[in-house]
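**Q** Before we start, here is the structure in question, set down as C-alpha cells.
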C-alpha cells in the first residue's frame, strides 16, 4: 500500500461484501449507534451427501450519525475488515432522521 | 421553573453573549453557546473575535450554535440564551446543533443528567454530526445557511 | 489511608489541618456494595511545600443511613465536594450545605450508587441483542445483555414470582457479572 493513510475519525464506510453479520460492531459500539438486520439462507452447491448449512445475509446496516462518537471501535473490532475510515466528512442534515445512514443497497425488484 | 426565573432575571441574555461577524461584512452574526469540547472547534473555525451585540441591518442573518453536551440542569439556560438572541436581533436565529451531544446526547445519551439533544427544547435547523465535527464542518454549514454555496 | 470512625471525622480533619495539612485536595465517595455493605467517604489533604505525600482519611458509612459531619467549617472548599457526594450518593453531611449542586431540584435517586441502574440503557432496545442471522431479537433463548443493564433474572423484565433482588445482586449484575440467584 502506497501513500499516506486517509484521515481517520471523519466518516465510516461499510465494505458490504466483507460483512458476515457477525454483530460484533453493533455489540461493541459504546453509543449503540449501529443497527443490523440479517437473515440466514441455505448454501447452494453443496455435495449431495452434505447436510444443509446456512450463511448470513445482511439486510440492513445503518449508523446513526447523531449518536456516533467516531471512536473507531467498530472499525478495529470487525474481524472481517468490513468497516473502514474514509476521508470525507459526514454531512449535516436538517433532521435527526436524515442522519441515520442506510449502508446496504436494497435488493433490486428483479429476482 | 428555572427557565422562567432565568428569563425574568436576565432579560438581556441576548445582550450578554458575544457575537461573531462571520464574514466581516455584517451579513451573518454567529453566537456560540459553548458547553463542552465542540466549543473548541467553534473557536478554531471562528474567523474573528466575538464582540458585544451589534446593530443589525435588515438583511443580516443570525445563527446560534449549540456546541457541546446539554445537561438537564443547564438546558433551560440554553433555551433562554436562544430566546434572548432572538429578542436582541429582532428575528429568529438559525439554530445549529453542533456535534453529537447537542444533536442527540451523543455518547452520553444514556446519562441520568443529559438532555438527549437540544431539539427537546428548541427547533433545530441543522444537525452537524461529529465528535467533535472539525472546524470546516461548521464553516460549511454556515456557508449553506448564508446562501454562499449551492446546497 | 487512615480509617476513621464517623464520630471522630471532624476532629481528625481539624487535627490534620493544625499539623500543617492545610491544603484541601478533594473529598469523594465509593460505593463498596458487593465487597462491604457501606459507602466509603474519602478525603485528601496536603501539606504543600513541606510534605511530598498527602494524607488520606477514609470513613465507612452504612448504606441505609449514611451520615457524617461536614468539614466545610474547616475547609470552605469542601462544601462543593460534599454537595456533590450528597446528591450523587445520598450521604448526609450534618451541618453542611444541603443544596443541590449539579442535578435538577426535581431529580430523584442517587445515580452513583452501584445498584442504581441506568434507566435509559435498560429501557432502550440494544442493537446488539440480535444474534447473527436475525432480524428480530428472538425471545426465549438466553440473550446477551449489554454493559450497564442488569440481567433480567435480577432486575427489570424478571419473573415476578421470584423474590426481589438485593442491591448487591443488582450491582454485580450491572457490571457484567452473572448472578446466580440463591435458594430459588
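Residue numbers (the numbering used here), protein chains in the order written: chain A, 6 to 116; chain B, 2 to 152; chain C, 16 to 199.
Even for Gly, the Cβ is constructed at its ideal location relative to N, Cα and C.
Going by DSSP, which residues form a beta bridge with residue 75 (chain C)?
**A** Per DSSP, C:55.
**Q** Residue 53 (chain C) to residue 161 (chain C), Cα distance in whole Å?
**A** Cα-Cα distance, rounded: 27 Å.
**Q** 9 Å is my cut-off, CB to CB: does residue 144 (chain B) come that close to chain A?
**A** Answer no: the Cβ-Cβ gap between residue 144 (chain B) and chain A never drops below 9 Å.
**Q** Residue 105 (chain A): which of A:9, A:10, A:16, A:12 sits nearest, CA to CA?
**A** The shortest C-alpha separation from residue 105 (chain A) is found at A:16.
**Q** Using the Cα positions of residue 48 (chain B) and residue 124 (chain C), report the straight-line distance between them to the nearest angstrom.
**A** Taking the straight line from one Cα to the other gives about 45 Å.
**Q** May I ask which residues mark the beginning and end of the alpha helix (DSSP H) holding residue 81 (chain B)?
**A** Start and end: 76-90.
**Q** I want to verify the contact list: residues of chain C whose CB lies under 8 Å from the CB of residue 80 (chain B), in sequence order.
**A** Result: empty, since nearest Cβ-Cβ is about 14 Å, beyond 8 Å.
**Q** Name the chain C residues whose beta carbon is nearer than 9 Å to that of residue 120 (chain B)?
**A** Neighbours of residue 120 (chain B) on chain C: none; closest Cβ ~17 Å, over 9 Å.
**Q** Taking only three categories from DSSP, how would you classify residue 82 (chain A)?
**A** Residue 82 (chain A): helix per DSSP, three-state reduction.
**Q** Assign residue 41 (chain C) to buried or exposed, taking buried as 16 or more other Cβ atoms, counted over all protein chains shown, within 10 Å of its Cβ.
**A** Exposed is the call here.
**Q** What residues in the stretch 65-99 of chain A bring their beta carbon closer than 7 Å to a beta carbon of chain B?
**A** Answer in chain order: 70, 71, 72, 73, 74, 75, 94, 95, 97, 98, 99.
**Q** Leaving out the 5 sequence neighbours to the left and right, which residues in its chain are closer than 6 Å to residue 74 (chain A) when beta-carbon positions are compared?
**A** Excluding sequence neighbours, residue 74 (chain A) sits near 36.
**Q** Do the stretch 26-42 of chain A and the stretch 94-112 of chain B touch if we need at least three Cβ pairs shorter than 8 Å?
**A** Yes, since at least three Cβ pairs between the stretch 26-42 of chain A and the stretch 94-112 of chain B fall closer than 8 Å, the two stretches touch.
**Q** Quick one: what does DSSP say residue 54 (chain A) is sitting in, helix, strand or coil?
**A** Three-state result, residue 54 (chain A): coil.
**Q** Rounded to whole angstroms, what is the Cα-Cα separation between residue 28 (chain B) and residue 73 (chain C)?
**A** Looking at the two C-alpha atoms, the distance is approximately 60 Å.
**Q** Taking residue 136 (chain C) as the query, report the chain B residues whose CB atoms sit under 7 Å from its CB, ordered along the chain.
**A** Residues of chain B passing the Cβ test: 111.
**Q** Which whole-angstrom value is the C-beta distance of residue 38 (chain B) and residue 99 (chain B), which I expect to be below 8 Å?
**A** About 11 Å; that fails the 8 Å criterion.
**Q** Expressed to the nearest angstrom, what Euclidean distance is found between the alpha-carbon atoms of residue 112 (chain C) and residue 79 (chain C)?
**A** Taking the straight line joining both Cα atoms gives about 21 Å.
**Q** Ordered along the chain, which non-local residues of its own chain (more than five positions away) have a Cβ less than 8 Å from that of residue 146 (chain B)?
**A** 29, 62, 64, 95, 97, 126, 127, listed in sequence order.
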